[in-house]
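**Q** I am attaching a structure below and will ask some questions about it afterwards.
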Amino acid sequence: MATEQELSAKPPIQANGRSQRQIEIDQLKRRYKVTENSDQSLRFAFPPSDPDFPYEISNLQLRLYVPENYPQSLPHISVLNTNIPLGYSLNIEKGFTAILTKAKEQNYHLPLLRAIANLDRRLEEFLKLPPSTVIKVQKPPDPVVAPSNQAQQNPESVPKNEQPASSMPEPAPTPKREASHTEKLAAQALRQREIRLLLSRIKNARIAEKQPGSSSNEEWYIIPLQPPPHIRSRLSSALADIKTIRLCVPYAYNLEPPRINILGSSSPETKTAEYKFNQKAGNTRNMSLLALLNYFYESLPELALTSDSNISEEHNSDDDHDQNSKYIVLDWLEDDDETDDSEDNNNDDGSVTDGTFSDIESDGPSESGSAALSDTEEPPAPQAEPPQELHDEIARPSGGVALDLPGIKLTGIAILQYSSLNLVVRCRRCKTTTDIEKLHSTNPQTKSPSVLRTATCPQCSLVLSARFYPEFVHEHSNRLGYLELENCSVVDLLPSNYICTCMECSEMYTSGIKGLYIGQPRTVVCRSCHAKMSVSLNGFKVVIQGPEDITLKLKKKEKENLHLVAGSPLPQKGVCKHYRRSTRWFRFSCCKRVFPCDRCHNEKTDHMNEFATRMICGACSIEQPFRQDYCIHCKHQFVKKNSGFWEGGKGTRDKTAMSRRDPRKYKRIGSSNK
């Protein structure tokens, strides 16, 4: 029985002489558990109300600042969660400010409680945005004043009319932050990947022998100097005869930049080219080793233009203390344009004019080294822009989705690359699947990204987009490339077109392999040397890429899998609502897509089904040719044999083990005695 107090309606809030600011703060205190309360701010936390919230954020911890002249001045928040990167925290704070600003522009007062509720509803939207750029400001150290002889004496012995002479303090160096354990692990993985790619892409590249006196924190590689003919014709005589260079890659790459040493020449042009390249490598962290070598080949004539004695002396003096140099990790993300502008604004010696901000220390002259370039001397020639191939290579974002082809079999094919990709994607909002087709390659000769393709979700009309950044598939790498997706995730790989390169004659088969899909080997003949080339795809795998410090961890959902995992069962073991005893999925030959049954196919497509030639086992999720009885990998039975019934002679035929409900158990008894 409900009490009278429970049945009574909640009384409206009365002002009682309180301001609107205090009324709305009291509403927040009743709605949320406020842990800290002051005159200007409130601290509280609340869990995301969305039951399908995709991120591992149990509670959003906020500090709300409400000014004294509210609502004339807008409030703002600060995100206190330590598991949310700073760039995404800024997105949440900016989103809350945008909600209040929009309401104020429409001459509508949005109470604090409703503003927090609006932030809760749009929290996933703000976290989907790219992380905001963060600049870490470090306080410069206090100047150290050298004590004078008079200051060390008794103060009474110093006359009042005489002041102690103060010497000019020397500027203290900018404090440097050591890299964290996470940054070191990410740098180690990046170094291994780029070294492996360097040795596979450059012919005759090898590890150099460790020389006496060399540092144990770095590794040298012998790289053949092979600039293009149009570049070699512009080189001076001192550089034209050089065949090899030595590339130093520290074990802490890319926290520490690489550097080169040109072998076979000690001319001023050589020293100048080395110095300028090392300075470029120190100031640019978003270029891979291959990109830096490509830049060095293309810009070698410009790098060797200015032959300055000071540069040579500085380069020689740097060789003595390069091993003791330390480099700082930038705490913000830089775009290509911002990187170029920052390089132009830096001094020629690589120093930074403002001591408030920390920057990457280049391989240029140190503060205690020899003299730098004077203001009266002519500045060095501007560095040439990297070629278009370099821009194509570094255009791929740092994160994204990697698409691998595990178990791919290449016979007579040196390199396999895509020509046109077709995908099945799932909408982020309503989980409806749709197709994104014809992700064409703009330039098959390079790793240029595909055109941007968009599609509209048939259920909720959300715009889905995809762009593909290709990689070369060969015997040592099964990575097809990277996908940049928006509002969707990859579900299946449809028949696509590929281009292969012959292993015998290195001729590209431009006609390509049309309609290649999983489980169907294809063979073509090279038009140059007539060698056979065959390829077979056994599946695909989606790998989420991105460093931990700039990405959010998604919530693990066991009930949904974006892709099939070999060895684990299908969702509900492959059973659908139409056939409760069918424990497998089928790939239909009409559209090469996977559905649990023929009726599911007809409901989700615009054409009638054809006979399925391949199937996916519901117990182990391995795709295989269609079989009637059992899985060839895990021996899972699709048709139950020991059912106890006759089943047309295919079931139980022993009358002693046969079910009593089967009429054949008692038929023709004693006929053999007649």
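Read left to right, the sequence shown gives residues 1 to 674 (my numbering). Glycine included, each C-beta is placed from N, C-alpha and C at the ideal position.
What does T523 pair with, by DSSP beta-bridge criteria?
**A** Here residue 523 refers to the residue found at position 523 of the sequence shown. Paired residue(s): S534.
**Q** Near I544, what residues of its chain come up, given a Cβ to Cβ distance below 7 Å and the 5 sequence neighbours on each side ignored?
**A** By 1-based counting over the sequence shown, the position of residue 544 is 544. Hits under 7 Å: V401.
**Q** Could you give the DSSP three-state label for N59: helix, strand or coil?
**A** For the purposes of this step, residue 59 is taken as the residue at position 59 of the sequence shown. Looking at N59 - three-state DSSP - the assignment turns out to be coil, as it is neither helix nor strand.
**Q** Looking only at C-alpha atoms, which of S216, I207, V249 sits nearest to Q188?
**A** Here residue 188 is taken as the residue at index 188 of the sequence shown, counted from 1. Out of S216, I207, V249, V249 has the C-alpha closest to the C-alpha of Q188.
**Q** Would you report the Cα separation of P75 and T97, rounded to the nearest angstrom?
**A** Here the question's residue 75 lines up with position 75 in the sequence shown. Here the question's residue 97 lines up with position 97 in the sequence shown. Cα to Cα, the separation comes out at about 8 Å.
**Q** Hey, would you say F645 sits closer than 8 Å to D662, going by beta carbons?
**A** Here residue 645 refers to the residue found at position 645 when the sequence shown is read from its first residue. Here residue 662 refers to the residue found at position 662 when the sequence shown is read from its first residue. For F645 and D662, yes; Cβs fall inside 8 Å.
**Q** Which residues does DSSP pair with R206 in a beta bridge?
**A** Translated into positions along the sequence shown, residue 206 becomes position 206. Beta-bridge pairing links R206 to I222.
**Q** Quick check: does the Cβ of T510 come within less than 7 Å of any heavy atom belonging to the ligand NAP?
**A** Ligands in the displayed structure: none, and consequently the ligand NAP is not present.
**Q** Going by CA-CA distance only, name the one from E68, L28, I116 that's closest to S49.
**A** Here residue 49 corresponds to residue number 49 of the sequence shown, with the count starting at 1. It is I116.
**Q** Could you tell me the distance, in whole angstroms, from the CA atom of G407 to the CA atom of L480?
**A** As a working note, residue 407 is residue 407 in the sequence shown. As a working note, residue 480 is residue 480 in the sequence shown. If you take the alpha carbons of G407 and L480, they lie about 13 Å apart.
**Q** Rounded to whole angstroms, what is the Cα-Cα separation between E302 and R234?
**A** As a working mapping, residue 302 is identified with position 302 in the sequence shown. As a working mapping, residue 234 is identified with position 234 in the sequence shown. Cα to Cα, E302 sits roughly 10 Å from R234.
**Q** Helix, strand or coil, according to DSSP, for C710 in the structure here?
**A** The structure shown does not extend to residue 710, since the chain spans only 1 to 674, so no value can be given for it.
**Q** Excluding the five sequence neighbours on either side, which residues of its own chain have a C-beta within less than 6 Å of the C-beta of Y70, listed in chain order?
**A** Reading the sequence shown from its first residue, position 70 is the one you call residue 70. Around Y70: R21.
**Q** Around the Cβ of L185, are there at least 16 other Cβ atoms within 10 angstroms (buried) or fewer (exposed)?
**A** Your numbering for residue 185 matches position 185 in the sequence shown. L185 comes out exposed.
**Q** Quick check on C500: does DSSP put it in helix, strand or coil?
**A** The residue you call residue 500 lines up with position 500 of the sequence shown. Strand.
**Q** Pick from I260, T270, E219: whose alpha carbon is nearest that of S237?
**A** Taking the first residue of the sequence shown as position 1, residue 237 is located at position 237. Taking only the C-alpha atoms, the option nearest S237 is T270.
**Q** Whose C-beta lies closer than 6 Å to the C-beta of L516 among residues of the same chain, with five residues either side of it excluded?
**A** Residue numbering aside, residue 516 sits at position 516 when the sequence shown is read from its first letter. These residues qualify, in order along the chain: Y498, R522.
**Q** Counting C-beta neighbours from all protein chains within 10 Å, is the total for L467 16 or more, i.e. buried, or is it exposed?
**A** What you label residue 467 is simply residue 467 of the sequence shown in a count that begins at 1. The sequence given here has Arg at residue 467, not Leu. It counts as buried.
**Q** Roughly how many angstroms lie between the CA atoms of S362 and P258, to the nearest whole one?
**A** Taking the first residue of the sequence shown as 1, we reach residue 362 at position 362. Taking the first residue of the sequence shown as 1, we reach residue 258 at position 258. Only weak support exists for where S362 lies, its pLDDT of 35 falling under 50; the value from the coordinates is given anyway. Distance between the alpha carbons of S362 and P258 is about 10 Å.
**Q** Taking 8 Å as the cut-off, does the region 431–443 touch the region 524–533 (at least 3 CB pairs, one atom from each stretch)?
**A** Flag = no, the region 524–533 and the region 431–443 do not touch.
**Q** Measuring straight from C-alpha to C-alpha, what distance separates P130 and I84?
**A** Here residue 130 refers to the residue found at position 130 of the sequence shown. Here residue 84 refers to the residue found at position 84 of the sequence shown. Going by the C-alpha atoms only, they are around 13 Å apart.
**Q** For the alpha helix (DSSP H) containing N422, name the first residue and the last one.
**A** On the sequence shown, position 422 is the one that residue 422 refers to. Premise fails: N422 lies in the beta strand (DSSP E), 413–427, not in any alpha helix (DSSP H).
**Q** Find out if the Cβ-Cβ distance for the pair L290, L199 is shorter than 8 Å.
**A** Indexing the sequence shown from 1 puts residue 290 at position 290. Indexing the sequence shown from 1 puts residue 199 at position 199. Contact: no.
**Q** The beta strand (DSSP E) that contains F46, what's its start and end?
**A** Mapped onto the sequence shown, residue 46 falls at position 46. Element bounds for F46: 41–46.
**Q** CB-CB under 8 Å to S539, same chain, minus the five flanking residues each way: which ones, in chain order?
**A** Along the sequence shown, read from residue 1 onward, the residue named residue 539 stands at position 539. The identity of residue 539 in the sequence shown is Gly, whereas the question assumes Ser. If we look at G539 and ignore the five residues flanking it on each side, its Cβ neighbours are L405, P406, G407, I518, L564, A566, E623.
**Q** Out of curiosity, what's the CA-to-CA distance linking F277 and F296?
**A** Here residue 277 refers to the residue found at position 277 of the sequence shown. Here residue 296 refers to the residue found at position 296 of the sequence shown. Distance between the alpha carbons of F277 and F296: 7 Å.
**Q** M287 and A414: beta carbons closer than 8 Å?
**A** On the sequence shown, residue 287 is found 287 positions in, with the first residue counted as 1. On the sequence shown, residue 414 is found 414 positions in, with the first residue counted as 1. No.
**Q** Mapping DSSP to helix, strand and coil, what is T270?
**A** Locating residue 270 in the sequence shown gives position 270, counting from the first residue. Helix at T270.
**Q** Which term fits T583, buried or exposed, when burial requires 16 or more other beta carbons within 10 angstroms of its beta carbon?
**A** Here residue 583 refers to the residue found at position 583 when the sequence shown is read from its first residue. The residue in question, T583, is buried, as its Cβ has 16 or more Cβ neighbours within 10 Å.
**Q** Considering only residues of the same chain and omitting the five flanking positions on each side of Y666, which have a CB-CB separation below 7 Å?
**A** Numbered from 1 along the sequence shown, position 666 holds the residue referred to as residue 666. There are no such residues.
**Q** Per the contact definition of three or more C-beta pairs closer than 8 Å, is the region 504–513 in contact with the region 585–603?
**A** Taking 8 Å as the limit for Cβ pairs, the verdict is that the region 504–513 does not touch the region 585–603.
**Q** Alpha carbon to alpha carbon, how far is S89 from L28? Give it in angstroms, no decimals.
**A** Walking along the sequence shown from the start, residue 28 turns up at place 28. Walking along the sequence shown from the start, residue 89 turns up at place 89. Using only the alpha carbons, I get a separation of about 21 Å.
**Q** Helix, strand or coil, according to DSSP, for G264 in the structure here?
**A** Here residue 264 refers to the residue found at position 264 when the sequence shown is read from its first residue. G264: coil per DSSP, three-state reduction.
**Q** Per DSSP, C248 forms a beta bridge with which residues?
**A** Your numbering for residue 248 matches position 248 in the sequence shown. W220, R259.
**Q** Could you tell me if A455 is buried or exposed, where buried requires 16 or more neighbouring beta carbons within 10 angstroms of its beta carbon?
**A** The residue you call residue 455 lines up with position 455 of the sequence shown. So A455 ends up on the buried side.
**Q** What would DSSP say about T456, mapped onto helix, strand or coil?
**A** Counting from 1 along the sequence shown, the entry for residue 456 is found at position 456. Here T456 sits in strand by DSSP.
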